[in-house]
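Q:
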Amino acid sequence: MKNDEIRSLTTEELKERTNAERDKLQKLKFAHAISPIENPMKIRVARKIIARLNTELRVRELAEKSKS
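If you count by full-length UniProt numbering, then the sequence shown holds residues 1 to 68, one letter each, in order.
#1: What would DSSP say about Glu5, mapped onto helix, strand or coil?
#2: For Met1, which of Ile37, Asp23 and Lys48 has the nearest alpha-carbon?
#3: Kindly say whether Asn19, judged by its beta-carbon, lies nearer than 7 Å to any beta-carbon of chain D.
#4: Closer than 8 Å is the cut-off here; do at least three beta carbon pairs connect the region 16-34 with the region 60-68?
#5: Look up Glu34 in the DSSP assignment and say whether it is helix, strand or coil.
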């Protein structure tokens, strides 16, 4: 997921996507703990996507506060 795609989402979509990515990350971690997954880089990629989503949510939160 690219930053342009993230910026085009609404705030509610960002929250939903963050929750979905967190669930995905948790499942990947469990699967990797039981038996090594084929591509462990998926865990790192999932963490980075979550970070990008949280960053965009924070930017919007700060923008909303500065308008007030």
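For every residue, glycine included, the Cβ atom is placed at its ideal position computed from N, Cα and C.
Given the structure is predicted, the values throughout are model-derived calculations rather than measurements.
A: By the coordinates alone:
#1: helix
#2: Minimum Cα distance to Met1 is reached at Lys48.
#3: The structure shown contains no chain D, having only a single protein chain.
#4: no
#5: Going by the sequence as given, residue 34 is Ile instead of Glu. Reduced to three states, the DSSP call for Ile34 is helix.
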